[in-house]
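Report on the following structure.
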Amino acid sequence: NAGVMQNPRHLVRRRGQEARLRCSPMKGHSHVYWYRQLPEEGLKFMVYLQKENIIDESGMPKERFSAEFPKEGPSILRIQQVVRGDSAAYFCASSLREAGGPDTQYFGPGTRLTVL
Amino acid sequence: LAKTTQPISMDSYEGQEVNITCSHNNIATNDYITWYQQFPSQGPRFIIQGYKTKVTNEVASLFIPADRKSSTLSLPRVSLSDTAVYYCLVGFTGGGNKLTFGTGTQLKVEL
Numbered sequence: 013n014a015g016v017m018q019n020p021r022h023l024v025r026r027r028g029q030e031a032r033l034r035c036s037p038m039k040g041h042s043h044v045y046w047y048r049q050l051p052e053e054g055l056k057f058m059v060y061l062q063k064e065n066i067i068d069e070s071g072m073p074k075e076r077f078s079a080e081f082p083k084e085g086p087s088i089l090r091i092q093q094v095v096r097g098d099s100a101a102y103f104c105a106s107s108l109r110e111a112g113g114p115d116t117q118y119f120g121p122g123t124r125l126t127v128l
Numbered sequence: 003l004a005k006t007t008q009p010i011s012m013d014s015y016e017g018q019e020v021n022i023t024c025s026h027n028n029i030a031t032n033d034y035i036t037w038y039q040q041f042p043s044q045g046p047r048f049i050i051q052g053y054k055t056k057v058t059n060e061v062a063s064l065f066i067p068a069d070r071k072s073s074t075l076s077l078p079r080v081s082l083s084d085t086a087v088y089y090c091l092v093g094f095t096g097g098g099n100k101l102t103f104g105t106g107t108q109l110k111v112e113l
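Sequence order for the protein chains is A and B. Residue numbers for the first sequence follow my numbering, beginning at 13 and rising by one. Residue numbers for the second sequence follow my numbering, beginning at 3 and rising by one.
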């Protein structure tokens, strides 16, 4: 059973370009979370999505950042007009959300974004 | 979400048992306690999860006292490969479980 997959693993962009990060959840999981981790810090929640719906985007910057989880295909985190401060590791997690059980999240390997 | 407090770092030697305690005084009735392990340049890896008393799997044990205001992750006979950051998290099982990561505990295992 393949785990959460993310690509690319490393992404280099120049200031002003767009970054697209992809996440394929574990088989059978329909809930996706995105987190950002700066060096020497813990992960910070960004957005929670179900298929075709954004459920909670309270952790996502209001400008330049967007996320989607279409009916078919991976979840996409898009960062427009990147700035140096966007350099970080971006992790995706997925969960099953079974009724009555703990919502255990399983993480992907992350995408390391470097903005030059 | 309940705030957690855990030691910033711990040192151990190979073959020893390591216990990392986490305080979560404001844990809610519906909250579960979950521990993750993270190696450099990798995503957090789920270790163990529990609600009360004791939970054991092939990797670790989790001890939770009756008041649930703290929990202890126990790693038996650690090896060098257990050197990592360990995060303790508490959260509700439903309604969009936004995990709140602190700085975790950096465990360093030496020969």
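Yeah, the Cβ is synthetic: ideal placement off N, Cα and C, and Gly gets one too. No experiment lies behind these values; they were computed from the predicted model shown.
Item, Value
"Going by DSSP in three states, Arg90 of chain A sits in which element: helix, strand or coil?", "strand"
"Using a Cβ-Cβ cut-off of 9 Å, state whether Arg124 of chain A counts as contacting chain B.", "yes"
"Along the chain, where does the beta strand (DSSP E) containing Gly64 of chain B start, and where does it finish?", "In the sequence as presented, Gly is not what sits at residue 64 of chain B; that position holds Leu. It spans 63-66 - the beta strand (DSSP E) in which Leu64 of chain B sits, taken as one unbroken run."
"Could you work out which residues of chain B lie near Phe103 of chain A, taking near to mean beta carbons separated by less than 8 Å?", "Gly45, Pro46"
"Taking Gly93 of chain B and Tyr15 of chain B to be in contact with their CB atoms under 8 Å, please state how far apart those CB atoms are, rounded to whole angstroms.", "So it is not a contact: roughly 33 Å between Cβ atoms."
"Compare the C-beta of Tyr88 of chain B with all C-beta atoms of chain A and state if any pair is closer than 9 Å.", "no"
"Taking Cβ-Cβ distances shorter than 7 Å, what residues in chain A pair up with Thr23 of chain B?", "Under the 7 Å cutoff, chain A gives no residues; its nearest Cβ is about 18 Å from Thr23 of chain B."
"Can you have a look at His43 of chain A and say buried or exposed, based on whether 16 or more other CB atoms are within 10 angstroms of its CB?", "buried"
"Between which two residues does the beta strand (DSSP E) containing Glu80 of chain A stretch?", "77-80"
"Give a yes or no on whether 9 Å exceeds the smallest Cβ distance from Gly71 of chain A to chain B.", "yes"
"Express the C-alpha separation of Ser11 of chain B and Phe57 of chain A in angstroms, rounding to a whole number.", "23 Å"
"Using a Cβ-Cβ distance cut-off of 9 Å, determine whether Gln117 of chain A contacts chain B.", "yes"
"Does the separation of the CB atoms of Val127 of chain A and Leu89 of chain A fall below 9 Å?", "no"
"Interface residues of chain B around Phe57 of chain A at Cβ under 8 Å?", "Lys100, Leu101, Thr102"
"Report the neighbours of Thr58 of chain B on chain A: residues whose CB is nearer than 8 Å to its CB, in chain order.", "Per Cβ cutoff of 8 Å: no residues; Thr58 of chain B is ~16 Å from chain A at best."
"Taking the beta strand (DSSP E) that Asn19 of chain A falls in, what are its first and last residues?", "17-19"
"So, helix, strand or coil for Leu128 of chain A, using DSSP?", "coil"
"Which runs of the beta strand (DSSP E) fall wholly inside the segment 21-49 of chain A and span at least 3 residues, in chain order?", "22-25, 31-36, 43-49"
"Whose C-beta lies closer than 7 Å to the C-beta of Val80 of chain B among residues of the same chain, with five residues either side of it excluded?", "Ser14, Glu16, Gln18, Val20, Val111"
"Any idea if Thr31 of chain B is buried or exposed, counting beta-carbon neighbours within 10 angstroms, 16 or more meaning buried?", "exposed"
"Taking the alpha-carbon of Lys100 of chain B as reference, which of B:Gly45, B:Leu91, B:Ile66 has the nearest alpha-carbon?", "B:Leu91"
"Which parts of the segment 77-110 of chain B are runs of the alpha helix (DSSP H), unbroken and 4 residues or longer, counting only runs that do not cross its ends?", "none"
"Figure out for me which residue from A:Tyr47, A:Gln62, A:Glu84 has the closest Cα to the Cα of Phe77 of chain A.", "A:Tyr47"
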